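In the numbering used here, the protein residues as written are 1 to 427.
The beta-carbon is built from N, C-alpha and C at its ideal position, and this holds for glycine as well.
In this text the structure is predicted, and so the values were computed from the model without any measurement.
Below you'll find the structure, written out as structure tokens, and then a few comments.
Written out as structure tokens, the structure reads:
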């Protein structure tokens with residue numbers, strides 16, 4: 001049997017588009033799923049949206065685990081280890097189980113007519129095989145891209161969550177919030193709970209939910225969070241109240257809305273999987289999500305964030321403002337070329353003293369000079385330097401920054417992962 005390393009190398013070469021490639025559509029994955037005879041044996045929560053998917057999945061995973069359920073959670077992309085994507089009871093799945101699942105999917109691909117799945121499609125089907133073998137009692141699947149044509153959407157959600165809708169992946173999803181909203185709403189199902197945490201959802205999402213008869217709940221209308229000093233109250237349908245809840249433990253803005261959406265999802269599934277208040281309280285305070293406004297202990301302060309679109313970087317900027325003052329802020333930045341680079345960086349105008357801009361040597365990676373043009377033409381302020389890689393940019397930042405300074409690392413999962421590897425001795 002192939003080792004996990006060998007399997008992952010194999011997956012990268014299965015489809016002409018490789019690991020970083022994208023080919024939306026459900027035909028290929030549906031054919032192989034049918035060959036595998038996969039069935040849904042427990043409640044399934046599907047989480048889509050532009051930003052906030054990872055934290056929403058993490059809170060759901062923590063709360064259901066503390067409630068005593070066996071939980072399978074599939075997220076993407078990973079930072080350092082592929083097994084971050086496939087977790088059971090909040091633990092990475094072991095190599096042998098994942099390899100067995102890959103082998104089953106490979107056989108099914110051949111039986112279905114030598115179907116060439118993408119890296120993500122293959123991994124999605126394998127994750128389901130893992131969860132079935134482990135007999136999990138709750139499954140949480142994070143959408144990879146969009147929703148309607150994403151491989152995760154081959155499964156029917158018992159509760160579908162759209163965290164928020166902003167411009168990202170416009171080459172595949174459309175250039176307007178209306179177009180993107182329609183794609184995100186594709187994970188909703190007729191007669192099933194459909195949640196949306198976007199405070200101003202596009203009409204396309206509302207119309208699609210109505211057209212298919214989904215049970216749509218909107219933040220601010222059907223549920224929400226009432227913040228009190230030191231605690232908060234969840235407000236749900238039918239005048240439901242959960243009071244005295246601890247604040248979400250993840251740093252940064254937006255997590256209160258995500259936490260309220262998580263509790264709304266738990267509420268709509270309570271007939272199948274009831275959750276005690278104690279599990280909610282413990283889960284809200286027991287989540288660690290690397291690369292999401294992650295503050296690394298030590299001096300200078302280091303902040304890691306995978307934010308890579310204007311909405312996410314704006315949230316990052318707001319979170320930075322809440323940290324207090326620092327002598328200087330250095331920004332190590334690497335981004336993909338198909339992102340709204342100018343729009344994302346513009347949200348940090350006047351906040352960065354030294355820009356250390358890195359080339360990403362990956363498919364779709366942007367040149368450092370492209371980032372420099374955005375900083376200079378946008379008149380964002382600060383000194384600008386270019387580097388061949390995030391690792392080189394980080395090394396330079398570490399040499400320049402003093403104990404009273406702050407180093408911000410953001411722009412892509414690739415950027416944060418590279419710096420995390422370099423940081424390991426410090427951590």
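Bounds of the beta strand (DSSP E) holding residue 294 are 294-296. A direct Cα-to-Cα measurement between residue 3 and residue 378 gives close to 48 Å. Within the model, the alpha-carbon separation for residue 123 versus residue 152 is close to 10 Å. Straight across, the Cα-Cα distance linking residue 225 with residue 107 is about 48 Å. For residue 406, the three-state secondary structure derived from DSSP is strand. Its chain contains 279, 282 and 283 as the residues whose beta carbon lies nearer than 6 Å to that of residue 66, once the 5 sequence neighbours on both sides are disregarded; these appear in chain order. Taking residue 209 as the centre and dropping the five residues before and after it, the same chain places the C-beta of 185, 188, 194 and 216 closer than 7 Å to its C-beta, in chain order.
In the DSSP assignment, the residues bridged to residue 217 are 195.
At the C-beta level, residue 165 and residue 190 stay beyond 9 Å of one another. Distance between residue 84 and residue 95, taken at the CA atoms: about 12 Å.
Taking the CA atoms as reference points, residue 159 sits about 12 Å from residue 142. DSSP places residue 165 outside both helix and strand once states are collapsed to three, so it counts as coil. Annotation note: the region 101-174 contains the following uninterrupted beta strand (DSSP E) runs of length 3 or greater, listed N- to C-terminal: 138-142 and 159-162. In the structure shown, residue 356 adopts extended strand secondary structure according to DSSP, grouped into three states. Here residue 209 carries a helix assignment [DSSP, helix/strand/coil]. Contiguous beta strand (DSSP E) elements confined to the region 361-395 occur at 383-387, taking only those with 3 or more residues. Here residue 273 carries a coil assignment [DSSP, helix/strand/coil].
With 16 or more other CB atoms across the displayed protein chains lying within 10 angstroms of its CB, residue 248 is buried. Here DSSP, grouped into helix, strand and coil, assigns residue 80 to coil.
The shortest C-alpha to C-alpha distance from residue 410 to any of 203, 11, 376 and 314 is the one to 314. Here residue 157 has 44, 45, 46, 187, 189 and 192 as same chain residues with Cβ atoms under 7 Å from its own Cβ, once five neighbours each way along the sequence are excluded.
Per the C-alpha coordinates, the member of 395, 155 and 264 positioned closest to residue 32 is 155.
Secondary structure at residue 90: coil, using DSSP grouped into helix, strand and coil. Within its own chain, the residues whose Cβ lies closer than 7 Å to the Cβ of residue 419, once the five positions on either side in sequence are excluded, are 304, 332, 390, 394 and 409, listed in chain order.
Shown here for residue 357: same chain residues with a beta carbon closer than 6 Å to its own, the five before and five after excluded, namely 333, 368, 371, 372 and 386 in chain order. Going by DSSP, residue 413 is part of the alpha helix (DSSP H) stretching over 413-423. Residue environment for residue 319: buried (at least 16 other C-beta atoms within 10 angstroms of its C-beta).
Of all C-beta pairs linking the region 54-61 to the region 398-406, fewer than three are shorter than 8 Å, placing the two stretches out of contact. The residue among 295, 375, 138 and 39 with its C-alpha nearest the C-alpha of residue 273 is 138. In the three-state reduction of the DSSP assignment, residue 178 falls in the helix class. Beta-bridge pairing by DSSP links residue 227 to 232. Within the same chain, and ignoring the five residues on either side of residue 355 in sequence, the residues whose Cβ sits closer than 6 Å to its Cβ are 331, 375, 382 and 384. Secondary structure of residue 75 (DSSP, three-state): coil. DSSP places residue 305 in the strand class (E or B) of the three-state scheme. In this structure, DSSP gives residue 345 a helical state, which the three-state scheme calls helix.
In this structure, the straight-line span from the alpha carbon of residue 271 to that of residue 117 is close to 36 Å.
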